[in-house]
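Chemist: In my numbering, the protein residues as written are 4 to 178.
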Amino acid sequence: MSLPDGTRAELIDGELLMSPSPRTKHQDAVLNLASHLREYVRGRVVGRVFVAPLDVHLPSGDIVEPDILFVSTANQAIVQDWVRGSPDLMVEVLSPEGVERDRIVKRDLYARNGVREYWIVDADARAVEVFTLRAGRYEPNGYFKSNDVLLSPSLAEFKLPVAQIFAEYPAEPGR
Numbered sequence: 004m005s006l007p008d009g010t011r012a013e014l015i016d017g018e019l020l021m022s023p024s025p026r027t028k029h030q031d032a033v034l035n036l037a038s039h040l041r042e043y044v045r046g047r048v049v050g051r052v053f054v055a056p057l058d059v060h061l062p063s064g065d066i067v068e069p070d071i072l073f074v075s076t077a078n079q080a081i082v083q084d085w086v087r088g089s090p091d092l093m094v095e096v097l098s099p100e101g102v103e104r105d106r107i108v109k110r111d112l113y114a115r116n117g118v119r120e121y122w123i124v125d126a127d128a129r130a131v132e133v134f135t136l137r138a139g140r141y142e143p144n145g146y147f148k149s150n151d152v153l154l155s156p157s158l159a160e161f162k163l164p165v166a167q168i169f170a171e172y173p174a175e176p177g178r
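#1: My parser needs the alpha helix (DSSP H) runs of 4 or more residues fully inside the stretch 19-97; what are they?
#2: On the criterion of 16 or more Cβ atoms from any shown chain inside 10 Å, does Glu13 qualify as buried, or is it exposed?
#3: What residues in its chain sit with their C-beta under 6 Å from that of Pro176, if we drop five residues either side in the sequence?
#4: State the DSSP-derived secondary structure class of Arg110, mapped to helix, strand or coil.
#5: For the pair the stretch 92-99 and the stretch 123-142, tell me if three or more CB-CB distances fall below 8 Å.
#6: What is the C-beta distance between Thr135 and Pro156, in whole angstroms, given that I count them as a contact (C-beta under 8 Å)?
#7: Could you give the DSSP three-state label for Val118: helix, strand or coil?
#8: Under the assumption that Ser75 contacts Gly50 (Cβ atoms under 8 Å), give the Cβ distance between them as a whole number of angstroms.
#9: Just to check my reading of the structure: Leu72 and Val82 have Cβ atoms closer than 8 Å, yes? What is that Cβ distance to the nearest angstrom?
#10: What's the C-alpha gap between Met4 and Val33?
#11: Using the three-state DSSP reduction, which class does Arg104 fall into: helix, strand or coil?
#12: Which word fits Asp70, buried or exposed, when buried means at least 16 other C-beta atoms lie within 10 angstroms of its C-beta?
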């Protein structure tokens with residue numbers, strides 16, 4: 004089966020899953036977080052950061068398009084025409100249509116494929132959940148809210164005030 008260029012689709016557990024184009028709130032969060040990650044990575048020459056759309060061909064045969072991914076220098080052999088293997092870090096920014104897919108299906112898929120760290124960014128809650136792979140399963144490694152500083156077990160010295168991910172969002176009462 005062939006899809007038109009630009010079609011957002013993933014192949015997970017043999018099922019072709021289509022996604023609508025992301026909304027502005029989603030894209031603001033992706034761009035802000037990816038920019039900070041890229042700045043961190045470039046300053047330390049520790050790997051590369053990519054954003055969707057980019058196919059990641061996992062060892063299981065599944066093909067996904069995470070919103071953001073990081074591949075360490077030690078893992079650069081997987082960076083080819085697409086990424087062919089398991090990145091060190093995958094990030095998904097939740098969208099209304101993909102909450103279950105990102106929180107359950109992709110979390111399990113990424114763990115099975117050896118992705119060392121997984122972040123779920125919740126734009127509505129203005130928060131980031133960090134999961135670390137241990138013994139083939141993800142364990143929570145932090146829930147960072149808007150007034151917290153995001154830390155990464157895989158990226159030494161990476162520190163980002165979570166509020167900067169959501170900088171373009173209008174102020175909401177009580178936040």
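Just so it is clear, CB atoms sit at the ideal spot from N, CA and C, and this is done for glycine as well.
Modeler: This is what the structure gives:
#1: 27-47
#2: buried
#3: The predicted position of Pro176 is uncertain, since its pLDDT is 48 and thus under 50; a value taken from the coordinates is nonetheless stated next. Excluding sequence neighbours, Pro176 sits near nothing in its chain.
#4: helix
#5: yes
#6: 5 Å
#7: coil
#8: 4 Å
#9: Going by Cβ atoms, the distance from Leu72 to Val82 rounds to 10 Å, so no, they are not a contact pair.
#10: Confidence in Met4 is poor, its pLDDT being 48 and thus under 50, which makes the residue's placement too unreliable to answer from.
#11: helix
#12: buried
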